[in-house]
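Visitor: Submitted below is the structure of interest, expressed as structure tokens.
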């Protein structure tokens, strides 16, 4: 097959064990050269949102949130750079769900590092996409998700990418809770899961709804920041 990013033909290198196992191999989606363009977040990041920077101080964004008494720790795996923007464009806006395979194993392992928690995914707002870009990144056999967050009808199909920073920060509460699932998150350590942390508004809107039902800290894990 050809790489979905550069169209170069992908050659699979199979070991003798691979051949004898008769297991079906996952489609690589992109070539190794394009795969290496993604950048992981290193130790020089903001300790509260994982924004990549030249030091490990709390970033200006998080200082503003702390001033508003809305603390939250977000952990992220990859930088939201040009390579990741290209990935998200194809994955989220061209609806290529197969690209989720690129990071599914890594992101699932990343989430499992949170320990004994309940996982709550951010729900999909774009009904045209046909899939949840967050849950598609997770191996559902290894991570149990509690989809207690639901999207209000007025918030459906609002394209975040077309809204500026101020509009995102000032957006009204887009979610509500599925009351039947409240018992499953009551007084539990909750980890919110999203694909991208940009302004931090979305996860804090979720925290606003969930916080009254737990006496523990609510944090978030995202694929990129």
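Numbering (full-length UniProt numbering), first residue to last: 1 to 225.
Glycine included, each C-beta is placed from N, C-alpha and C at the ideal position.
Go ahead and pull the three-state DSSP assignment for residue 77.
Guide: Looking at residue 77 - three-state DSSP - the assignment turns out to be strand.
Visitor: Take residue 177 and list the residues in its own chain whose beta-carbon comes closer than 6 Å to its own, dropping the five residues that flank it on each side.
Guide: Only 148 and 209 meet the Cβ criterion.
Visitor: Given a cut-off of 8 Å on the beta-carbon distance, is the pair residue 192 and residue 220 in contact?
Guide: Cβ atoms of residue 192 and residue 220: closer than 8 Å.
Visitor: In this structure, does DSSP put residue 212 in helix, strand or coil?
Guide: Residue state, collapsed to three classes: helix.
Visitor: Note down, in chain order, each residue of its chain lying with its Cβ closer than 6 Å to the Cβ of residue 138, except the 5 sequence neighbours on either side.
Guide: These residues qualify, in order along the chain: 108.
Visitor: Going by alpha carbons, who is nearest to residue 76 out of 121, 99, 196 and 213?
Guide: Cα-wise, what sits closest to residue 76 is 196.
Visitor: Which of the three DSSP states is assigned to residue 118 in this structure?
Guide: DSSP places residue 118 in strand when its eight states are reduced to three.
Visitor: Which stretch, first to last residue, makes up the beta strand (DSSP E) that contains residue 224?
Guide: Residues 218-224.
Visitor: Tell me whether the beta-carbon of residue 146 lies closer than 8 Å to the beta-carbon of residue 118.
Guide: Taking 8 Å as the Cβ cut-off, residue 146 and residue 118 qualify as a contacting pair.
Visitor: Does the Cβ-Cβ distance between residue 140 and residue 174 come in under 8 Å?
Guide: Against a cut-off of 8 Å, the Cβ pair of residue 174 and residue 140 comes out as no contact.
Visitor: Quick one, which of 143, 156, 87 and 37 has its alpha-carbon nearest residue 113's?
Guide: Residue 143 is the option with its Cα nearest to residue 113.
Visitor: With H, G and I counted as helix, E and B as strand and the rest as coil, what does DSSP make of residue 193?
Guide: In this structure, residue 193 counts as strand in the three-state DSSP scheme.
Visitor: Taking the alpha helix (DSSP H) that residue 72 falls in, what are its first and last residues?
Guide: Here residue 72 belongs to no alpha helix (DSSP H), and DSSP marks it neither H nor E.
Visitor: For residue 150, collect the residues of the same chain with a Cβ closer than 8 Å to its Cβ; drop the 5 residues on either side in sequence, then sort them by chain order.
Guide: Closer than 8 Å at the Cβ level, and outside the excluded window around residue 150, lie 123, 175, 176, 177 and 178.
Visitor: Going by DSSP in three states, residue 107 sits in which element: helix, strand or coil?
Guide: Residue 107 falls in the helix class under three-state DSSP.
Visitor: Would you say the stretch 59-69 touches the stretch 28-37, given that touching needs at least three Cβ pairs under 8 Å?
Guide: These segments do not touch.
Visitor: By how many angstroms is the C-alpha of residue 54 removed from the C-alpha of residue 205?
Guide: Those two C-alpha atoms are separated by around 29 Å.
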